[in-house]
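Structure first, commentary second.
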Amino acid sequence: MQCGYGAGYAAPNPYANGYGWAPQVPSINGPSGCSGYGYGEGFQQGATGTAGMQTGKSGQNGKGDGKSRGKNSKGGGDRDRAQKAWSSEGNSEALSGFNAMSAAASSYVKKAPKQVKAPAEMNAPSYDERNPYRLKNHIRAWHTDGSTTSVPEPYGSYPEAQLPRPLLDGFKRAGFQAPTPIQAQVWPILDNGWDVIGIAKTGSGKTLGFLVPAYRWMTASYVAGIRTLIMAPTRELATQIHDEASKFAGASGCSSACVYGGQPKREQLPAVRAGAPILVATPGRLNDFLEYKDINLSGVGYLVFDEADRMLDMGFEPQIRDIMKKVPRKRQTLMFSATWPEEVQNLAHDFLSSPIHVQVGDTSSLSANEDISQQVWMLNSSDDKDAALVEALQLYGGPRQRVLVFVAMKKQCDMVMRMLRKYQISANTMHSDKDQQQREEALQQFKTGETAVLIATDVAARGLDIKGRSRVINYDSANSTEDHVHRIGRTGRAGQKGHSITFLAKSGEDAWKAIGIAEVMQKAGCAVPPEMKQVVDRMLWRRQQSQQPRPKVPAMLEVLMVAEKPSVAKLIAEILSGGRMRFRKGQSRAVQIYEFNSWFPPAHQQCRIMQTSTIGHVFGLDFKENRPKDIAELFHDPCKKTIEDGTAKNRIVEHFQELAAEADYLALWLDCDKEGENICFEVISLCENIPRDNIYRAQFSALTEPELRGAYNNLGRPDKLAAQAVDASVASRQKSKRVCDSLRGYVCMYVCVYIYIYAHIYIYI
């Protein structure tokens, strides 16, 4: 017996067309399969479509032979007419593609968890006046619900902490007289088994804050394998933590291993396999080891995220979530961060269980360590920086003084180094173009005093910990106020005094950066120089003037242009704008928005262009709930559109909805193939407020300037038929797979029953 099935795809069809087909599957009672398909050709939103109830015949393809439930559905209609029909007439039997995908987007927005601040941030108490130590050191400690009743009291001294004698001797040899505020409060909390979120300034002693309780926990009972996992964002910070742990390895009896990118894995693997109970790792390299099953995390009971805000800024969230799947749920988790943004709050909510929050100082805004004296030298121009640097080194340098100089670009490192060597000043450089061995050698020479000056880019801003007398000089100002705080935080660590000097030009970009730097100085109690105050006042006045309402001018039309990848979006924007563009972030952190003004041919006028991109498909195909039990009914099980996981994680839906609300036109720069056309209509469904007549499609065959300019000047319309074929093919494969899975299940069941009966008969006989 030969049988054919017509798969109904009209109900949630994303293109207002019914698609019916019979996939090629083995017939149940016959030797051959069948294939056939039928489709309705309209392009009216919700008004057309065949029901897909075609009866396929063995070995034959039926085109347009389905029973239509919609209106005006005729097989093989005119393609040009179909592309021009953008009506909004509804259909009670079948949802249109735009309605289906819009409904999916709307449902997603409603069901998605709201990005709200953690309750602990809103319930944070004021300074605890009942405890003099907390009041003196500006410590706040509270539970997630805001209560403070059961928070353990801080250890004011080492005897109160009851440290083992070897550890206590190690602290004395290192010159530590008492726990730092973060250590004093975190240690008793961890000793009582609570999870901890620690928010404190850089150089506050966080490293020993989480290492000492780990030593205590591991020495209480010996278990082979990795027991403590510490994750850090950069190789510099990872090696710094590893070095600190190595200093107390003898006193604690716990060795450590360190894995990070930039070195071959085969060189790091022996240290891991040696059985060190402490593993310090960057998320990327740790994921590499886990993929090849070189590391086993099943014994981890103590997990630390150090500088969690930096890890998220560097895009490590996917790797972190993958790693967390390999770590036991029964564990003690610590999260340390210099700031407390919303992304860090969400991560803490997912991975920590009823944590106690510990905050030292004010983290609601950026503030520098009060132990650092900050100076700003105002220069007439950037050309005066070389002379200023030599003068600063001659004033404050010396045989025992080490100076860390920050510059903006890698090429400047070598230029400044050569300039200093002309003045017989020993200097070395550290930036991302150097391999790990060269960077470690430069850092070691700087720590030992062999090199007096280390010139570095921001790659070293969050990883260096230089003990003893040191000074930071910002030859170039940092890109942001936050980076400035972390730069100067390389000095004045662990309760020691530090010094920083920043060079700022009186005009240009430095003048704008002076506003944030002045705020940091005032909060830390440092005097702002009169020259700097004049510059800040001038820039604040200019900012205020720019915010004043100006005479209204005719608003320019806005065009939203969407490419398939961020790199393609940037290339298109650079070519069409001639390099004169600016970029900004929208709702999604995964893609950027490039803005420029250009002549837009369909509008016949100058328009403001917003060029952005997607990151692949926005929607995926799925099936309705309540899967039918009858195999034959599986072919008629209707499909639906759902939001892809990557889309939801990167907030792509919100990104396009926000931009579409501003736009008058939509130009699609997706790949010129069926997949690209399919994504076109997914993007269109998110831009409901843009008139259908204002939606265009660029046709190009190569990413060259002539091709892209030609496509821009000859914009066409999206191709519905090519887009339909993708969903039809995917749905067909998925339905065929479901049938095969069901058949396998039935066969296995019958075989098991047969074996069971045969076995009983055999035993009975």
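In terms of UniProt numbering, the sequence shown is numbered consecutively and its last residue is 765.
By construction, the Cβ of each residue, glycine as well, lies at the ideal position given by its N, Cα and C atoms.
task = Could you give the DSSP three-state label for GLU89: helix, strand or coil?
result = As a first step, residue 89 is located in the sequence shown; it is residue number 89 there, counting from the start. Residue placement at GLU89 cannot be trusted, given a pLDDT of 38 that sits under 50; what the coordinates show is reported in the next sentence. Correct three-state label for GLU89: coil.
message = Quick check on the DSSP output: what are the complete beta strand (DSSP E) runs of length 3 or more inside the stretch 555-582, in order along the chain?
response = Complete beta strand (DSSP E) runs here, min 3: 557-563.
key: CA-to-CA distance, PRO154 to ARG134, given in whole angstroms   = Taking the sequence shown and counting its residues from 1, the one referred to as residue 134 is at position 134. Taking the sequence shown and counting its residues from 1, the one referred to as residue 154 is at position 154. Rounded to whole angstroms, ARG134 to PRO154 spans 8 angstroms at the Cα level.
message = Can you tell me whether LEU454 is buried or exposed? The criterion is at least 16 other CB atoms within 10 Å of its CB, across all chains shown.
response = Along the sequence shown, read from residue 1 onward, the residue named residue 454 stands at position 454. The residue is buried, with at least 16 neighbouring Cβ atoms inside 10 Å.
key: Simplified DSSP assignment, three categories, for PRO194   = Position 194 of the sequence shown, counted from the start, is the residue given in the question as residue 194. The question names Pro, but residue 194 in the sequence shown is Trp. Coil at TRP194, not helix or strand.
request  = Within 10 angstroms of the Cβ of ARG487, are there 16 or more other Cβ atoms? Answer buried if so, exposed if not.
outcome  = If you number the sequence shown from 1, residue 487 lands on position 487. So ARG487 counts as buried.
query = Taking only runs of the beta strand (DSSP E) that begin and end inside the stretch 395-426, which ones reach a length of at least 3 residues, in chain order?
reply = Fully enclosed beta strand (DSSP E) runs of 3 or longer: 402-406.
Alpha carbon of CYS748 to alpha carbon of ILE763, nearest angstrom = For the purposes of this step, residue 748 is taken as residue 748 along the sequence shown, with counting starting at 1. For the purposes of this step, residue 763 is taken as residue 763 along the sequence shown, with counting starting at 1. CYS748 and ILE763: Cα-Cα distance of roughly 22 angstroms.
9 angstroms Cβ cutoff met for VAL472 and VAL405 = Taking the sequence shown and counting its residues from 1, the one referred to as residue 472 is at position 472. Taking the sequence shown and counting its residues from 1, the one referred to as residue 405 is at position 405. Contact flag set, yes.
message = On the CB-based measure, 16 or more other CB atoms within 10 Å of its CB, does LYS330 come out buried or exposed?
response = Here residue 330 refers to the residue found at position 330 of the sequence shown. Exposed, because fewer than 16 other Cβ atoms sit within 10 Å of the Cβ of LYS330.
query = Are PRO233 and GLU307 closer than 9 angstroms when you measure CB to CB?
reply = Translated into the one-based positions of the sequence shown, residue 233 becomes position 233. Translated into the one-based positions of the sequence shown, residue 307 becomes position 307. For PRO233 and GLU307, yes; Cβs fall inside 9 angstroms.
query = When the Cα atoms are used, what is the spatial distance from GLU343 to PHE503?
reply = Taking the sequence shown and counting its residues from 1, one reaches residue 343 at position 343. Taking the sequence shown and counting its residues from 1, one reaches residue 503 at position 503. Taking the CA atoms as reference points, GLU343 sits about 33 angstroms from PHE503.
task = Pair every Cβ in the stretch 319-326 with every Cβ in the stretch 279-291, then say whether three or more of these pairs are closer than 8 angstroms.
result = Output reads yes: the stretch 279-291 touches the stretch 319-326.
ask   = Going by other Cβ atoms of all chains shown within 10 Å of its Cβ, with 16 needed for buried, is SER546 buried or exposed?
value = Mapped onto the sequence shown, residue 546 falls at position 546. In this structure SER546 is exposed. Its beta-carbon is surrounded by fewer than 16 other beta-carbon atoms within 10 angstroms.
ask   = Which residues in the same chain as CYS413 place their Cβ atom closer than 8 angstroms to its Cβ, once the five residues preceding and following it in sequence are excluded?
value = Looking up residue 413 in the sequence shown gives position 413. Here the set comprises VAL407, THR429, MET430, HIS431, ILE455, ALA456, THR457.
ask   = Does the Cβ of GLU236 have 16 or more other Cβ atoms within 10 Å, making it buried, or fewer, making it exposed?
value = Position 236 of the sequence shown, counted from the first residue, corresponds to residue 236. Burial of GLU236 is indicated by the presence of at least 16 other C-beta atoms within 10 angstroms of its C-beta.
query = Straight-line CA distance for ASP169 to GLN319?
reply = Your numbering for residue 169 matches position 169 in the sequence shown. Your numbering for residue 319 matches position 319 in the sequence shown. Their Cα atoms are separated by approximately 39 angstroms.
ask   = Does the beta-carbon of TYR665 have 16 or more other beta-carbons within 10 angstroms, so that it is buried, or is it exposed?
value = Numbered from 1 along the sequence shown, position 665 holds the residue referred to as residue 665. Buried.
query = Leaving out five residues before and five after VAL528 in sequence, what residues of the same chain have Cβ atoms less than 8 angstroms from its Cβ?
reply = For the purposes of this step, residue 528 is taken as residue 528 along the sequence shown, with counting starting at 1. Closer than 8 angstroms at the Cβ level, and outside the excluded window around VAL528, lie VAL376, ALA518, MET521, GLN522, VAL536.
key: Whether ILE609 touches VAL559 by CB criterion (9 angstroms)   = By 1-based counting over the sequence shown, the position of residue 609 is 609. By 1-based counting over the sequence shown, the position of residue 559 is 559. By the CB criterion at 9 angstroms, ILE609 and VAL559 fall inside the cutoff.
key: Buried or exposed by the 16-neighbour rule on C-beta atoms within 10 Å, applied to GLU564   = Residue 564 sits at position 564 when you count from the first residue of the sequence shown. GLU564 should be labelled buried.
query = Could you give the distance in angstroms between the alpha-carbon of THR48 and the alpha-carbon of GLU654?
reply = To locate residue 48, count along the sequence shown from 1; it is residue 48. To locate residue 654, count along the sequence shown from 1; it is residue 654. The pLDDT assigned to THR48 is 33, lower than 50, so where the model puts this residue is not dependable, and the model offers no usable value.
ask   = Which residues bound the beta strand (DSSP E) around LEU668?
value = In the sequence shown, the residue the question calls residue 668 occupies position 668. Run containing LEU668: 665-669, per the beta strand (DSSP E) assignment.
Beta-bridge pairing of ASN474 - partner residues as DSSP gives them = The sequence position of residue 474 within the sequence shown is 474, counting from 1. PHE406, THR502, per the DSSP bridge assignment.
message = Let me make sure I understand the geometry here. Which of GLY586, GLY299, SER147 has the alpha-carbon closest to that of SER221?
response = Within the sequence shown, residue 221 is the residue found at index 221, counting from 1. Of the candidates GLY586, GLY299, SER147, GLY299 places its Cα closest to the Cα of SER221.
request  = Indicate whether GLU658 and GLN605 have their beta-carbon atoms separated by less than 9 angstroms.
outcome  = For the purposes of this step, residue 658 is identified with residue 658 of the sequence shown, where counting begins at 1. For the purposes of this step, residue 605 is identified with residue 605 of the sequence shown, where counting begins at 1. No. Outside cutoff.
request  = Rank SER382, GLY250, ASN650, GLU675 by C-alpha distance to the C-alpha of SER477 and give the top, closest one.
outcome  = In the sequence shown, the residue the question calls residue 477 occupies position 477. Cα-wise, what sits closest to SER477 is SER382.
DSSP state of VAL304 mapped onto helix, strand, coil = Along the sequence shown, read from residue 1 onward, the residue named residue 304 stands at position 304. Assigned with DSSP and collapsed to three states, VAL304 falls in strand.
query = Cα-Cα, which of PRO188, TYR712, PRO181, GLN263 is closest to GLU160?
reply = Against the sequence shown, residue 160 aligns to sequence position 160. Residue PRO188 is the option with its Cα nearest to GLU160.
task = Within the same chain, show all residues whose beta-carbon is closer than 6 angstroms to that of SER470, passing over the 5 residues directly before and after it, in chain order.
result = Sequence index remark: in the sequence shown, residue 470 carries index 470 (1-based). Answer for SER470: ARG402, THR491, listed in chain order.
query = Applying the criterion that 16 or more other CB atoms from any shown protein chain within 10 Å of the CB defines a buried residue, is SER157 buried or exposed?
reply = For this step, residue 157 is matched to residue 157 along the sequence shown. Burial check for SER157: the Cβ neighbour count within 10 Å stays below 16, so the residue is exposed.
ask   = From ASN689 to LEU557, what does the alpha carbon distance come to, in whole angstroms?
value = The sequence position of residue 689 within the sequence shown is 689, counting from 1. The sequence position of residue 557 within the sequence shown is 557, counting from 1. Near 14 angstroms, if we compare the C-alpha coordinates of LEU557 and ASN689.
ask   = Does the stretch 351-359 come close enough to the stretch 193-201 to have 3 or more Cβ pairs within less than 8 angstroms?
value = With a cut-off of 8 angstroms, the stretch 193-201 and the stretch 351-359 count as touching, because enough Cβ pairs lie within range.
inquiry  = Beta-carbon within less than 7 angstroms of LEU715's beta-carbon, same chain only, minus the 5 sequence neighbours each way: which residues are those?
reply    = Counting from 1 along the sequence shown, the entry for residue 715 is found at position 715. Shown here for LEU715: same chain residues with a beta carbon closer than 7 angstroms to its own, the five before and five after excluded, namely PRO601, PRO602, ALA667, TYR696, ARG697, ALA698 in chain order.
key: Residues bridged to residue 784 (per DSSP)   = In the structure as shown, the chain begins at 1 and stops at 765. Residue 784 is therefore absent and cannot be evaluated.
ask   = Can you tell me the Cα-Cα spacing of VAL25 and VAL683, whole angstroms?
value = Stepping through the sequence shown from its first residue, residue 25 is reached at position 25. Stepping through the sequence shown from its first residue, residue 683 is reached at position 683. Caution is warranted here: a pLDDT of 32 is assigned to VAL25, below 50, making its placement in the model unreliable, and the coordinate value is therefore given only provisionally. VAL25 and VAL683 have their C-alpha atoms some 33 angstroms from each other.
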